Amino acid sequence: MNRLIRLFGTSIGRKLVMAVTGVLLIGFLISHMLGNMTVFQGQESMNYYAAWLKKHPFLWVARAGLLTIFGLHVVTAISLAIENNAARPEGYRKKSAVAATLSSRYIVVSGLLVLAFLIYHLAHFTFGWVQPDLYHFVDEKARHDVYRMVVLGFQNPIVTGSYVAAMLLLGFHLHHGARSLVQTIGLNHESYNTLIRIGSNTLVAALVIGNCSIPLMILAGFVDPAAK
Amino acid sequence: MNDEETMDLRLHVWRQKDSKSPGKMVTYRANGISPDMSFLEMLDVVNEELVTAGKPPIAFDHDCREGICGMCSLVINGVPHGPQQGTTACQLHMRHFRHGDEITIEPWRARAFPVIRDLVVDRRSLDRVLQAGGYVSVNTGSAPDANAIPVPQDNAEAAFDAAACIGCGACVAACPNASASLFVAAKAQQLSLLPQGQPEREKRAIHMVEAMDREGFGGCTNHYECEAVCPKGIPVRYIADLNRDFLRSALTSREVKPLPPAVDAEE
Amino acid sequence: MELDGKVPSGPIESLWDDHRFDMKLINPANKRKYRIIVVGSGLAGASAAATLGELGYNVDCFCFQDSPRRAHSVAAQGGINAAKNYQNDGDSVRRLFFDTVKGGDFRSREANVYRLAQISNKIIDQCAAQGVPFAREYGGLLDNRSFGGAQVSRTFYARGQTGQQLLLGAYGALNRQIAAGTVRMHSRVELLDLVLVDGHAKGIITRHLVSGRIARWAANAVVLATGGYGNIFYLSTNAMGCNVTATYRAYRKGAFFANPCFTQIHPTCIPVAGEHQSKLTLMSESLRNDGRIWVPKAVGDGRAAADIPEEERDYYLERKYPAFGNLSPRDISSRAAKEVCDEGRGVGKLGRGVYLDFADAIGRLGEDVIRQRYGNLFDMYEKITGENPYRVPMRIYPASHYTMGGLWVDYNLQSTIPGLHVIGEANFSDHGANRLGASALMQGLADGYFVIADTVAHYIASNPGDVPDTDAAEFREAEQDVRDRIQKLLDVDGSRSVDSFHRELGAIMWEYCGMSRNAEGLQKAIGMIGELRERFWREVSITGENEEFNVSLEKGGRVADFLEFGEVLCYDALNRDESCGAHFREEHQTPDGEAKRNDEAYAYVAAWEFKGVGQKPELHKEPLKFEHVQLATRSYK
């Protein structure tokens, strides 16, 4: 344990926390997106999946785990950001970026915005505070009618717009994050760097497109709120 | 290049009397600058005028003026060592500028590099990081025959690529986090790539990283600005290697003693 | 007075070992009671400080740069010699010794050179163990190359940065001792005077370049490793900060200065581009392997190189020295370049340059091969000149590069002041009248790693005692002298920059005491230097005060010392009425311009004793005997 405390006391140790929690969060994002894709299979499919999740004996373990990972990611990021900021108390009057990408320079900002979106997202679909009138539907099998909540919710262009914007932001965040974590865990070799770049960009694009497809398809009327 | 006309420039230079005084940007004219001059020679011309007028010259660090000692340290128009890649400020020549240009000149900026005067900063933090383990412990006279330990040529070459670091600190100056990761990685990996560096490899990785943090450098968030401005083209790959070395050492090494306190700076 | 180099008697092969046995040792437990000052942190200084620290002494190491790693040893490109004979090409300690004595044109002390050749092998072992990334062959063993016209491949190298890599090794060893607390490192601190107690060197006075703090440091012994004085020419390949102050101050306190006129000029530097030029950049001599040196045959030929037809070009080295051609030794190539430029056939804007043309080599081998061999150098050349040497011939010109002269030391590297040891380029010892390529790094490290620890121990064991109190009168007086001198500089209140005086001094030295010298010119130079020095003390402008980071004050003090030292150099050049090695007296040459040595009259080390500013120093001679290498005249015809 001493050893871990010492490890996480260093800048590289905490970067490793960022990378490892980042990998896990990307894993979560993928599974979350695949789960949400059940909306395209119809009401039964999605509500079944939702109910299955909710009744799952490990639900709270998973939630606690996710919360821990996420919390670590955010807290470590903030602590690193504060330190990194303190490492240059007096800035330059003129500074030009030569190689840094926009996504790398604004990773903290994009991260905080994604965090804000996440709270909104939880308030929307988990706590039902955003569109309370859509939150209490129950389907024929007396399950929470997640399907209608989602589909009716996204028929609101403002809601859809905010989700799409948030997903683009998430993509922006991951554009740097996904590639960066590979470097942090120590993989960098010219023979596979191109593969890493293409792979990470493809993954991020798939996440953004996949996630955006749900509200956009709904708003465009491709998903019938009444369908079984 | 021989018969090009001279140029007139406006310089915006950071002036600061000492580490305790506040500083500010001051504008100077540099007239009649030949394109054959190096950037530092252009500053020499400005200083000559200042001194002749009885004013204090602009202080800047420089020594070898051939790109190897690592002493020169100017942020020129927002880029450490200026616009030409793979070039220290002392080897940057004025033919890369045009008549009428405005040039902003600032010191390296980092908490670990306090300003001493004008454009001169204190970089002893880099020395202290190396004192934490950036060497092979071998007493004079105790070495085996140089050919007793063969080193694969590829490793020797890769070690050299890392060893090419001149310790100027441009990586720190360029990094949005003022991180010294590229410097530390280059120094640690040079030795990790050689058999001579193996016995102390784990301790070195841990102690150097801890010392880097203690000096107040920021952490690496993979912007790669360092690689872009490094006058010796040290690749960020070495940072990945250091991360890997560090992780492995931190998790699997036998026991690494706590980092001893830094030696007090001596006047 | 005849000087005694204190070379022990006995067979030269075992001289150093026997001497080490005869010297006194210090008990390991007692070493920590002794304090040693090392000034300078280049190859010699860093390796000495580290080694003394490892042995347990308390060491104070000083450098004027912000980090010991920046000392100018860092800039050495070519390599380091050692008699390893890894290439099985007939090398041996004896051959390296022989080549070095001969290369020094028989003006070095045989015993020192033999020791240097012996130690050379251990240096390579030491550096490899430190992780110096020497070039290697595919099998993983060390690679060697032939360098500077040597008949054997004995040069170890690390691309074109051997100096930096060796220095980083020594700096690593130094860092280890700093961390261990045995060495206290003082960076941005400059020596301004030496302190003698009862005639022995027991301390120094320094100025901190940031705060201006003047401090006194006491020790049992002092080691100077402060490099050469090549910057006296203003334009040289030295770093801007290189200066003579430490050795000159020691000279003023009674240390003899030996052979100051032996200054090496390197033939392949990038020529001066204009008035503003602050330093000259060396291009590796290896370029001469494939480049052909020429100038136009006609005086004042203003055409571009490409427009000058073959028959109107003068490949003067190939013409004059057919055997060695473009690879003729450094001094011969340098003088030949000066000659053609003096004739008005020089190239470039200022007419001080000759072409180094790769067109034939590119035609023969292809651009790719040339790129592979010299790509880095070509890039560097283009960076500095803005010209592409694949298309237009390079322009080169000789520049001051290294100084063989330095403080006189005996076999133990101790100067005429007991307790003051001098190592590396700062002493005069091993290179005679001319230094071979790749030998400077060898000597610096030999002195620092392997000689000084034994000889300083012997001195301390023979002169034990406490570290003197820095409140003693000698220290207070020395400090007061330093303060007075600084005040004097600040009080001048003129209107000319220090640099302008330095430039003027450099021009005098280069003109009259540069590549070739004659009695008339040297006498003239002595007068001019004295006159310039007077003007300096009337007209120089040094702004600000002592208690701050004051660049003009630092430079002012250094140039003031150069302005005194320049005379010593000229007196030595005037006294040495012969041509040998890098010292070429126009009065002594064969009809076709070859140097004529005079062994009858000048086979001695000329060591000069300070007699007052503006006074002619007093000459002392250390006769040189050659028992192992036969005196011979070199010929490169």
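Chains as they are written, first to last, in the numbering used here: chain A, 1 to 228; chain B, 1001 to 1267; chain C, 2001 to 2637.
Ideal Cβ placement from N, Cα and C applies to all residues, glycine included.
This structure is a prediction, so every number in the text was calculated from the model and none was measured.
Below 6 Å CB to CB, which residues in the same chain sit around tyrosine 2171 of chain C once its five sequence neighbours on both sides are set aside? Ala2046, Pro2068, Arg2069
Test item: CB-CB of asparagine 2081 of chain C and methionine 2404 of chain C under 8 Å: no
Identify whether cysteine 1220 of chain B lies in helix, strand or coil by the three-state DSSP scheme. coil
Of all Cβ atoms in chain B, is any one closer than 8 Å to the Cβ of glutamine 2151 of chain C? no
Using DSSP bridges, identify the partner residues of asparagine 2058 of chain C. C:Arg2035
Under 8 Å by Cβ, that's how I've got threonine 2237 of chain C and leucine 2356 of chain C pegged, so tell me the actual separation to the nearest angstrom. Contact flag wrong, Cβ pair sits at about 16 Å.
How should arginine 2303 of chain C be labelled, buried or exposed, when 16 other C-beta atoms within 10 angstroms of its C-beta is the threshold for buried? exposed
Going by beta carbon distance, what residues of the same chain come within less than 6 Å of phenylalanine 117 of chain A, once the five residues before and after it are set aside? Ala166
Confirm, please, whether the CB-CB distance from aspartate 1122 of chain B to isoleucine 1058 of chain B is below 8 Å. Going by C-beta atoms, isoleucine 1058 of chain B is not nearer than 8 Å to aspartate 1122 of chain B.
Counting pairs of Cβ atoms below 8 Å between the region 1044-1054 of chain B and the region 1142-1154 of chain B, do you hit three or more? no
Assigned secondary structure, isoleucine 1033 of chain B (DSSP; H/G/I helix, E/B strand, else coil): strand
Spatial neighbours of alanine 2239 of chain C within its chain, please: C-beta separation below 6 Å, excluding the five flanking residues on both sides. His2072
What's the C-alpha gap between tyrosine 2034 of chain C and valine 1138 of chain B? Near 23 Å, if we compare the C-alpha coordinates of valine 1138 of chain B and tyrosine 2034 of chain C.
Should arginine 79 of chain A go down as buried or exposed, given a rule of 16 or more other Cβ atoms within 10 Å for buried? One point to set straight first is that residue 79 of chain A is serine, not arginine, in the sequence displayed. Serine 79 of chain A should be labelled exposed.
Tell whether a beta-carbon distance below 8 Å holds between methionine 1042 of chain B and glycine 1133 of chain B. no
Determine the burial state of aspartate 2017 of chain C: buried for a count of at least 16 other Cβ atoms within 10 Å of its Cβ, exposed for fewer. exposed
Relative to the alpha-carbon of proline 1107 of chain B, which residue among B:Ala1170, B:Phe1039, B:Glu1157, B:Pro1035 has its alpha-carbon at the smallest distance? B:Ala1170
Return the chain-ordered list of same chain residues with a C-beta closer than 6 Å to the C-beta of histidine 2401 of chain C, the five sequence neighbours on each side being excluded. Thr2237, Gln2264, His2266
Quick one: Cα of lysine 2297 of chain C to Cα of glutamate 2311 of chain C, how far? 9 Å
Rank A:Val150, A:Gly71, A:His173 by C-alpha distance to the C-alpha of proline 132 of chain A and give the top, closest one. A:Val150
When you compare the region 2240-2251 of chain C with the region 2179-2188 of chain C, are there three or more beta-carbon pairs, one atom per stretch, that lie closer than 8 Å? no
Within chain A, the residues that valine 1236 of chain B reaches when beta carbons sit closer than 8 Å: What valine 1236 of chain B touches in chain A: Gln183, Asn188.
Starting from aspartate 2410 of chain C, trace the alpha helix (DSSP H) both ways and give me its first and last residue. Counting along the chain, aspartate 2410 of chain C falls outside any alpha helix (DSSP H), and DSSP gives it neither H nor E.
Which residues in the same chain have their Cβ closer than 7 Å to the Cβ of methionine 1001 of chain B, if we skip the five residues on either side of it in sequence? Any reading at methionine 1001 of chain B needs caution, since the residue's pLDDT is 40, under 50, leaving its predicted position unreliable; the model's value is listed next. Hits under 7 Å: Pro1035, Asp1036, Arg1095.
So, helix, strand or coil for phenylalanine 1246 of chain B, using DSSP? helix
Where isoleucine 1076 of chain B sits in the DSSP three-state scheme: strand
Name the one or two DSSP bridge partners that lysine 95 of chain A has. BP columns for lysine 95 of chain A are empty, so no partner.
Can you confirm whether asparagine 2175 of chain C, when its beta carbon is compared against all beta carbons of chain B, has any partner nearer than 8 Å? yes
Going along the chain, which residues of its own chain have a beta-carbon closer than 7 Å to the beta-carbon of arginine 2288 of chain C, five neighbours each way excluded? Thr2268, Asn2326, Leu2327
Note down the Cα distance separating proline 2398 of chain C from leucine 2280 of chain C, rounded to an integer number of angstroms. For proline 2398 of chain C and leucine 2280 of chain C, the distance between alpha carbons rounds to 9 Å.
Count the other CB atoms, across all protein chains shown, that sit within 10 Å of the CB of glutamate 2275 of chain C; report buried if there are 16 or more and exposed otherwise. exposed
Cysteine 1090 of chain B CB to nearest chain A CB: under 8 Å? no
For the alpha helix (DSSP H) containing threonine 1052 of chain B, list its first residue and its last residue. 1039-1052
Beta carbon proximity, histidine 1093 of chain B to chain C, threshold 8 Å: yes
Below 8 Å on the Cβ atoms is my guess for alanine 2049 of chain C versus cysteine 2061 of chain C; work out the distance and round it to an integer in Å. The pair is a contact, with the Cβ atoms about 4 Å apart (cut-off 8 Å).
Neighbour flag for leucine 80 of chain A against chain B, beta carbons, 8 Å: Chain B contact via Cβ: present.
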